[in-house]
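Numbering (my numbering), first residue to last: 18 to 343.
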Ligand SMILES: NC(=O)c1ccc[n+]([C@@H]2O[C@H](COP(=O)([O-])OP(=O)(O)OC[C@H]3O[C@@H](n4cnc5c(N)ncnc54)[C@H](OP(=O)(O)O)[C@@H]3O)[C@@H](O)[C@H]2O)c1
């Protein structure tokens, strides 16, 4: 019997509830491959799930995204062979581990010119940016796009890709250093939203123009002000809750703020179909090859230091994509 090292939670709570355990690793089932993980992507949803904000049946593994090398294949797997480098972003919880069996149809091969670490920093966050910019709303040249937490993992990719599509991009971040990172990622203007009057600063910077689309992943602290920053008939995309869940609103407020549209999407339904997931990944890899989307590697943590990785993310000490190295 083989064994794997895997992060398990038996209760919700602080980062210290995550424990690295030795668990049995069965042979892959007929439709699975066995992976030796080479890099694991941290995503903010891992925090929500660890805390129980998005409840899970316990005990549970954590982590959605990783890259790895194929070390064994199930009897019915034809699309991958030993030694292939692959990535995934939605194959059930358990990416926080060194070895793992994964259904082959949830995997994509990593192009030769993309490293494993780059792929682990891009596959979940890049496919999130792909559906937000290409499906939730098809961003067009000349549109004014507001992106919160623009120095973060998803935020930098949104800035890069929206800029590549020809949009005028305004990014927000919590410090002058992070504002500079957002601008380096493609934001035309960066606003420090740790200042109370950031919507006024935004309007001053745009000459009074509001955003055609607001991408808000911060939630509680920004959501109501995001509604104020959207142009009449504009779209507010609430796609995260880094500061806590957004407050409930009466639908009538959308009328008062200018006949706004509001949506609360998720990456998982957009990639539930395995064939569509591969199409989405192909579009991401094309955007990378075109130079629009680049990896924005931030800090790396060993899997044994997983609690430190979560503390860093929750205290807003991270920028770009945080990796966990098995
Ligand atoms: N719905 C979906 O399909 C989907 C998919 C992927 C990710 N997401 C969401 O997208 C967001 C970005 O994900 P990510 O993994 O790339 O994380 P991230 O942006 O690297 O980290 C979250 C960022 O949120 C900002 N933030 C604002 N208030 C915060 C607070 N009170 N505590 C902690 N952070 C705060 C911080 O940037 P500043 O310091 O600049 O404020 C922080 O760096 C998350 O909200 C995540 O849940 C949603």
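Idealized CB from N, CA, C, for every residue including glycine.
Contact fails between the stretch 264-278 and the stretch 66-85, because fewer than three Cβ pairs, one in each stretch, are under 8 Å apart.
Of the candidates 314, 301, 191 and 254, the residue whose Cα lies closest to the Cα of residue 332 is 191. For residue 273, the uninterrupted alpha helix (DSSP H) segment begins and ends at 269-273. For residue 19, the uninterrupted beta strand (DSSP E) segment begins and ends at 19-26. Under the DSSP definition of a beta bridge, residue 209 partners with 190. Distance from the CA atom of residue 233 to the CA atom of residue 80, rounded to whole angstroms, is 22 Å. The C-alpha of residue 188 lies about 6 Å from the C-alpha of residue 165. Within its own chain, the residues whose Cβ lies closer than 6 Å to the Cβ of residue 294, once the five positions on either side in sequence are excluded, are 288, listed in chain order.
Listed in chain order, the alpha helix (DSSP H) elements of length 4 or more contained wholly in the stretch 126-181 are 133-148 and 170-181. Taking 8 Å as the cut-off, the C-beta of residue 289 does not count as close to any heavy atom of ligand 1.
Counting along the chain, the unbroken beta strand (DSSP E) around residue 318 starts and ends at 314-319. C-alpha of residue 181 to C-alpha of residue 309: approximately 5 Å in a straight line.
Between residue 112 and residue 83, the alpha-carbon positions lie close to 6 Å from each other. Between residue 142 and residue 174, the C-beta gap is smaller than 9 Å, which places the two residues in contact. Counting only the Cα atoms, residue 144 lies some 18 Å from residue 85. When 271, 338 and 31 are compared, the shortest CA-CA separation from residue 328 is found for 31. Distance from the C-beta of residue 60 to the nearest heavy atom of ligand 1 is below 8 Å. For residue 222, the Cβ stays outside the 8 Å cut-off from all heavy atoms of ligand 1.
DSSP, reduced to helix, strand and coil, places residue 311 outside both helices and strands of the structure shown, so it counts as coil. Beta-bridge partners assigned by DSSP to residue 118: 51.
Between ligand 1 and the CB of residue 331, the shortest heavy atom gap is smaller than 8 Å.
Per DSSP, residue 333 lies in no beta strand (DSSP E) and is assigned neither H nor E. Cβ-Cβ separation between residue 158 and residue 179: approximately 10 Å, too far for a contact (criterion under 8 Å). If you draw a straight line from the Cα of residue 114 to the Cα of residue 320, it is about 8 Å long. Across the set 244, 222 and 238, the C-alpha of 244 shows the shortest separation from the C-alpha of residue 229. Counting C-beta pairs closer than 8 Å gives three or more between the stretch 121-131 and the stretch 93-101, which meets the contact rule. The C-alpha of residue 193 is placed about 13 Å away from the C-alpha of residue 215.
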